[in-house]
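Note that this note's numbering has the sequence shown beginning at 3, numbered continuously upward.
This report concerns only the one structure given below.
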Amino acid sequence: VHKTGGGNNTSFYNLYIRKGDNYSLEHSSSMVFSHSGDTLFIGAMLPKDITLTCPSLEEINSTGFNVYLNDVSTPRLLVHSGPGTETVFRNTNIQSLSYTGEVNNAMSMYDDNKLDTVKVRLGKGSALKFEDATYHVADIVVDSLRELRISGKALNSL
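In structure tokens:
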């Protein structure tokens with residue numbers, strides 16, 4: 003997913019991902035997309051929200067979009083999030099999560115996330131918020147965070 007126009011402000015480019023039985027994409031007409039094999043490419047030209055409903059998900063590569071994952075359950079998820087963007091996990095069940103965020107990135111976990119293995123790499127000036135996540139094994143590497151918040155169930159996993 004990447005922004006293809008509309009200036010430097012990424013706060014209005016939001017991708018909502020939720021679990022569903024079938025694939026569907028809700029969007030405005032200012033978007034282009036294509037697919038190759040099992041990969042969907044989304045590009046937005048104007049700041050609008052996009053909602054992707056899918057039965058399975060293995061990888062997210064996002065540049066210029068904030069990503070919100072709701073009720074997603076998957077054995078393995080790889081996420082690469084571009085500079086100045088945020089990724090929010092809510093009520094997810096992910097066995098193996100690998101997350102890479104570029105500079106000024108934010109990764110947040112709210113509303114009962116269940117993880118087995120978590121690998122996080124965050125660039126300079128990023129934020130890490132684990133407010134409601136349980137995990138067994140974590141490998142977290144950060145470069146000068148602007149914010150670190152660990153609370154709720156995540157405290158028991160330390």
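Where is the CB? At the ideal position from N, CA and C, for every residue including glycine.
Residue i classed as buried or exposed, judged by whether at least 16 other C-beta atoms fall within 10 angstroms
| i | result |
| --- | --- |
| Ser128 | buried |
| Gly7 | Low local confidence applies: a pLDDT of 41 at Gly7 is under 50, so the model's placement there is unreliable, with the coordinate-based value given in what follows. Answer is exposed; the Cβ neighbour count stays below 16. |
| Val143 | exposed |
| Val161 | Residue 161 lies beyond the residue range present for the chain, which begins at 3 and ends at 160; the question has no answer from this structure. |
| Ser64 | buried |
| Thr87 | buried |
| Ser58 | exposed |
| Thr94 | buried |
Run of the beta strand (DSSP E) containing residue i, from where it starts to where it stops
| i | result |
| --- | --- |
| Arg123 | 115-124 |
| Thr53 | 51-56 |
| Val69 | 68-72 |
| Ser64 | 61-64 |
| Tyr18 | 16-21 |
| Leu27 | 26-28 |
Whole-angstrom C-beta distance between residue j and residue i, which should lie under 8 angstroms
| i | j | result |
| --- | --- | --- |
| Tyr15 | Phe67 | 5 angstroms |
| Ala156 | Glu133 | 7 angstroms |
| Asn158 | Ala135 | Incorrect: roughly 10 angstroms between the Cβ atoms, too far for contact. |
| Ser146 | Lys121 | That belief does not hold up - the Cβ atoms of Ser146 and Lys121 are roughly 19 angstroms apart, past 8 angstroms. |
Cβ shell of residue i (< 6 angstroms), same chain only, five flanking positions each side left out
| i | result |
| --- | --- |
| Asp118 | Gln97, His138 |
| Arg20 | Thr55, Asn72, Asp73 |
| Arg123 | Thr102, Val143 |
| Ser110 | Val90, Lys131 |
| Glu61 | Leu80 |
Other residues of its chain near residue i: CB distance less than 8 angstroms, five sequence neighbours each side excluded
| i | result |
| --- | --- |
| Val105 | Pro85, Gly86, Gly125, Lys126, Gly127, Ser128 |
Legend entry - Continuous alpha helix (DSSP H) assignments of at least 4 residues falling wholly in the stretch 79-148: Listed in chain order, nothing qualifies, since the stretch 79-148 has no complete alpha helix (DSSP H) run of 4 or more residues.
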